[in-house]
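Enquirer:
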Amino acid sequence: MKKQVKIIFHIDMNAFFIACELIRHPELKNIPLAIGSKAAIFNKGVILSASYEARKFGIRSAMSVFEAKQLCPQLKIIPGDHEYYEEISQKFIGFLRKYTDLIEVASIDEAYLDMTEVCKTRHAIDVAKEIQDTLLNEYQLPCSIGISINKFLAKMASDMKKPLGITVIRKRELPEKLWPLTIDKMFGIGSKTAPKLMNAGIKTIGDLVKDENKPIIKSILGNLSEYFIEAALGNSDDTVDPKRNSEYKSIGNSSTYIHNLHTAEEAYAELQRLAKLVASRLTEHRYVGKTITVSIKYPDLSVHSKSRTLTEFTNNFEIIYQEACDLFDKLWKHEPIRLLGVSVKELKEKQQIYEQLTLFNYQEYVEQEQLIRVVNTLKRKFGDKVIKKGMSEK
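Take 34 as the starting number for the sequence shown in the numbering used here and just add one per residue.
Written out as C-alpha cells, the structure is:
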C-alpha cells in the first residue's frame, strides 16, 4: 500500500520574546528593542532576543549587552521574564488546538502540526493564512509558517520568509528551493560543523546529495551522515508526536497594570484573581503542581520572584492563593507594582499522583479534598471571610 503523503505545518513565532513584551508594553513598538539577561539593567550580560528594528544595527542573540550598546546607543534593553513568555506560549498552543490535536511542541515559540485531515477539505495555504492572521490580529503574535511533507522540510520552509512568511516546499521543488542554500542554513547543522563541511567543499545543501561527496560527508558527520543526506533528499520524519516535549513546565498568569498597584489590599485582590485563573487552567489540563511562584515587576521594569515548594502536589485555588499571598508579603518592597504574576511549576498529571498514593495517603488525600469542597461551599454561601486559615502552636 502506498504511504499517505502528509501535510505538516511548522509554526514559528517571529521574535517571540519581543512580541510578548510588546503586548504589555505597546509604547516600545517600532524602536530598537532587546531582551537581555538579568544583568542587562547594569549594562552587563547578553542579549536574548532583538527586535527587527534592532537587528538592522547588527544586534543579534547571544551578543554582549556592551557590544550591542556600542552598535546602537539608543537600544532599549529590558530584562527577560520567562514565566510570562511561558504563559503566552501556552495561549498560542491552546489556539492551535482549535485546528488539530496532532501538535508537537518543539520549543517555547514553535510547534509542528499534522494538518493532513484538516487539509482534505480546505487548502493548506488558506488555513495557514487564517492561523497567521488570527495570531497576529487577536494575540498580537507574528509568525512564519512552513508547509511540507515532513517536519524537516516544514522547518526549513518556515525559516525562508521572516517575519510573517508562508512558504511551501514540495518534494519536486527541492533542487530550486532547498539545495542552493548554504550548508549552514540546514536545520541540525551546528555552527561548529558547518565550517568543517564548507572547508571540505560541502558548501550547499545540494552538495550533500552528490554520490561523490559521501565519503567526506561521513568522515565529518559520522553516523549522522545518512540522516542529513536523506533529509536533503526530502526523506525525513513525518510523525507529529503530541507526547514529545508535551509536558508543561509551568502554568501561570500575570497582569500588567496601566495604573500601578500601591497597596497590599490591591495586590491581594489581584493575587486572588490570578490564583483562580491558574487553578482553573491546572484543572482544565488535569495537572497538579508542587512549586508556587509569585513575580513582581516594578516601574523600572526590574522583575523579582520568590518560590515555595509544597510537600504535596495541588491544583487547589485556596492553597495556591494563600501561598501566593505569603510569598508576596516576603517579596514586596512596598513600591508601586507594574505587574503581578502567579505560576505553579513541577507539574504532573493528576492521574499520576493518584496512582502513586498508598492506601493510607489516598484516604488522607480524599479527606483533604472533601474538606476543601466544604470550605468552598461555606464561602460561596456566607462570603470569603467566614473561614480563615489558622495555625497551631507547638
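We treat Cβ as the ideally placed atom computed from N, Cα and C, and that holds for glycine. Note that the structure is a prediction, hence the values are computed from the model and not measured.
Kindly indicate the opening and closing residues of the alpha helix (DSSP H) around C358.
Expert: Numbered from its first residue, the sequence shown carries residue 358 at position 325. First-last of the alpha helix (DSSP H) with C358: 350 to 364.
Enquirer: Does DSSP put G78 in a helix, a strand or coil?
Expert: Against the sequence shown, residue 78 aligns to sequence position 45. It is coil, neither helix nor strand.
Enquirer: Under a Cβ-count criterion, where at least 16 other Cβ atoms within 10 Å of its own Cβ denotes burial, should A48 be classed as buried or exposed?
Expert: Walking along the sequence shown from the start, residue 48 turns up at place 15. With 16 or more Cβ atoms within 10 Å of its Cβ, A48 is classed as buried.
Enquirer: Tell me whether K188 sits in a helix, a strand or coil according to DSSP, three-state version.
Expert: The sequence position of residue 188 within the sequence shown is 155, counting from 1. It is helical.
Enquirer: Note the first and the last residue of the continuous beta strand (DSSP E) segment covering L169.
Expert: Within the sequence shown, residue 169 is the residue found at index 136, counting from 1. It is not in any beta strand (DSSP E) - L169 instead sits in the alpha helix (DSSP H) that spans 157 to 172.
Enquirer: Let me check one thing: in DSSP terms, what residues is T342 bridge-paired to?
Expert: Numbered from its first residue, the sequence shown carries residue 342 at position 309. Answer by DSSP bridge pairing, in chain order: T324.
Enquirer: Mapping DSSP to helix, strand and coil, what is M46?
Expert: In the sequence shown, the residue the question calls residue 46 occupies position 13. The answer is strand: DSSP assigns M46 an E or B state.
Enquirer: Between the Cα of Q173 and the Cα atoms of G179, S181, I164, which residue gives the shortest distance?
Expert: In the sequence shown, counting from the first residue as 1, residue 173 sits at position 140. The option with the nearest alpha carbon to Q173 is I164.
Enquirer: Under 7 Å between the Cβ atoms of A357 and L304?
Expert: Position 324 of the sequence shown, counted from the first residue, corresponds to residue 357. Position 271 of the sequence shown, counted from the first residue, corresponds to residue 304. Result yes, Cβ atoms of A357 and L304 sit closer than 7 Å.
Enquirer: Can you name, in chain order, every residue of its own chain whose Cβ lies under 7 Å from the Cβ of S97, other than the five neighbours on each side?
Expert: Looking up residue 97 in the sequence shown gives position 64. Excluding positions up to five away in sequence, the list reads V79.
Enquirer: I'd like to check one pair, L294 with A300: are the Cβ atoms closer than 7 Å?
Expert: Against the sequence shown, residue 300 aligns to sequence position 267. Against the sequence shown, residue 294 aligns to sequence position 261. Yes. Within cutoff.
Enquirer: Report yes if the C-beta distance between I353 and I325 is below 7 Å; otherwise report no.
Expert: Counting from one through the sequence shown, the residue named residue 353 turns up at place 320. Counting from one through the sequence shown, the residue named residue 325 turns up at place 292. Yes.
Enquirer: Using three-state DSSP, classify K282 as helix, strand or coil.
Expert: Sequence index remark: in the sequence shown, residue 282 carries index 249 (1-based). Secondary structure of K282 (DSSP, three-state): coil.
Enquirer: Roughly how many angstroms lie between the CA atoms of T344 and K323, to the nearest whole one?
Expert: Here residue 344 corresponds to residue number 311 of the sequence shown, with the count starting at 1. Here residue 323 corresponds to residue number 290 of the sequence shown, with the count starting at 1. Going from the Cα of T344 to the Cα of K323 covers about 7 Å.
Enquirer: Evaluate D244 with the Cβ neighbour count: other Cβ atoms within 10 Å of its Cβ, from every protein chain shown; 16 or more gives buried, anything less gives exposed.
Expert: Working through the sequence shown from its first residue, we reach residue 244 at position 211. Answer is exposed; the Cβ neighbour count stays below 16.
Enquirer: Can the beta-carbon of S82 be found less than 7 Å from the beta-carbon of I68?
Expert: Position 49 of the sequence shown holds residue 82. Position 35 of the sequence shown holds residue 68. S82 places its beta carbon less than 7 Å from that of I68.
Enquirer: Does DSSP classify R314 as helix, strand or coil?
Expert: As a position in the sequence shown, residue 314 is number 281, starting the count at 1. Three-state result, R314: helix.
Enquirer: If I follow the unbroken alpha helix (DSSP H) through K210, where does it start and stop?
Expert: If you number the sequence shown from 1, residue 210 lands on position 177. Where K210 is concerned, the enclosing alpha helix (DSSP H) stretches over 207 to 210.
Enquirer: Report the start-end ranges of each beta strand (DSSP E) in the segment 99 to 139 that is 3 residues or longer and not cut off at the edges.
Expert: 109 to 112
Enquirer: Could you check whether I250 and L211 sit closer than 7 Å to each other, using their CB atoms as the reference points?
Expert: Numbered from 1 along the sequence shown, position 178 holds the residue referred to as residue 211. Numbered from 1 along the sequence shown, position 217 holds the residue referred to as residue 250. L211 places its beta carbon 7 Å or farther from that of I250.
Enquirer: Give me the Cβ distance between I41 and S252, rounded to the nearest whole Å; I'm assuming they're in contact under 8 Å.
Expert: Position 8 of the sequence shown, counted from the start, is the residue given in the question as residue 41. Position 219 of the sequence shown, counted from the start, is the residue given in the question as residue 252. About 32 Å separates the two Cβ atoms, so there is no contact after all.
Enquirer: Hey, P112 and V336: beta-carbon distance below 7 Å or not?
Expert: Taking the sequence shown and counting its residues from 1, one reaches residue 112 at position 79. Taking the sequence shown and counting its residues from 1, one reaches residue 336 at position 303. Yes, the Cβ-Cβ distance between P112 and V336 is below 7 Å.
Enquirer: List the residues that DSSP assigns as beta-bridge partners of I178.
Expert: Numbered from 1 along the sequence shown, position 145 holds the residue referred to as residue 178. Per DSSP, I44, I199.
Enquirer: On the CB-based measure, 16 or more other CB atoms within 10 Å of its CB, does R406 come out buried or exposed?
Expert: Working through the sequence shown from its first residue, we reach residue 406 at position 373. Its pLDDT being 49, under 50, R406 is placed unreliably by the model, and the measurement read from it follows with that caveat. Exposed.
Enquirer: How would you write the range of the beta strand (DSSP E) that I370 sits in, first residue to last?
Expert: Here residue 370 corresponds to residue number 337 of the sequence shown, with the count starting at 1. I370 -> beta strand (DSSP E) spans 370 to 378.
Enquirer: Taking the alpha carbon of Y85 as the reference point, which residue from K77, K109, Q103, S70 has its own alpha carbon closest?
Expert: In the sequence shown, residue 85 corresponds to position 52, counting from 1. When each option's Cα is compared against that of Y85, the closest is K109.
Enquirer: I'd like to confirm the pairing. Which residues does DSSP put opposite D333 in its beta bridges?
Expert: On the sequence shown, residue 333 is found 300 positions in, with the first residue counted as 1. DSSP lists no beta-bridge partner residue for D333.
Enquirer: In the DSSP assignment, find the alpha helix (DSSP H) that holds I238 and state where it starts and stops.
Expert: Locating residue 238 in the sequence shown gives position 205, where the first residue counts as 1. Run containing I238: none; DSSP gives neither H nor E here.
Enquirer: With 16 other CB atoms within 10 Å as the buried threshold, where does S439 fall?
Expert: The structure shown does not extend to residue 439, since the chain is modelled only from 34 to 427, so the question has no answer here.
Enquirer: With DSSP as the reference, identify every bridge partner of D147, one or two as the case may be.
Expert: Taking the sequence shown and counting its residues from 1, the one referred to as residue 147 is at position 114. Note: D147 sits in a beta bridge opposite I41.
Enquirer: Whole angstroms is fine: what's the gap from L55's alpha carbon to I121's?
Expert: Position 22 of the sequence shown holds residue 55. Position 88 of the sequence shown holds residue 121. In a straight line, the C-alpha of L55 is about 12 Å away from that of I121.
Enquirer: Which residues bound the alpha helix (DSSP H) around A67?
Expert: For the purposes of this step, residue 67 is taken as the residue at position 34 of the sequence shown. Per DSSP, A67 belongs to no alpha helix (DSSP H); it is in the beta strand (DSSP E), 66 to 69.
Enquirer: Compute the Euclidean distance between the alpha carbons of F185 and H43, then round it to the nearest angstrom.
Expert: Here the question's residue 185 lines up with position 152 in the sequence shown. Here the question's residue 43 lines up with position 10 in the sequence shown. Computed Cα separation, rounded: 9 Å.
Enquirer: Give a yes or no on whether the C-beta atoms belonging to A227 and D217 are separated by under 7 Å.
Expert: Within the sequence shown, the letter at position 194 stands for residue 227. Within the sequence shown, the letter at position 184 stands for residue 217. The Cβ-Cβ distance between A227 and D217 falls below 7 Å.
Enquirer: Please report the straight-line C-alpha distance between M148 and S140, rounded to a whole angstrom.
Expert: On the sequence shown, position 115 is the one that residue 148 refers to. On the sequence shown, position 107 is the one that residue 140 refers to. Cα to Cα, the separation comes out at about 19 Å.
Enquirer: In the DSSP output, which residue or residues are listed as bridge partners for S287?
Expert: Your numbering for residue 287 matches position 254 in the sequence shown. Its beta-bridge partners are G374.
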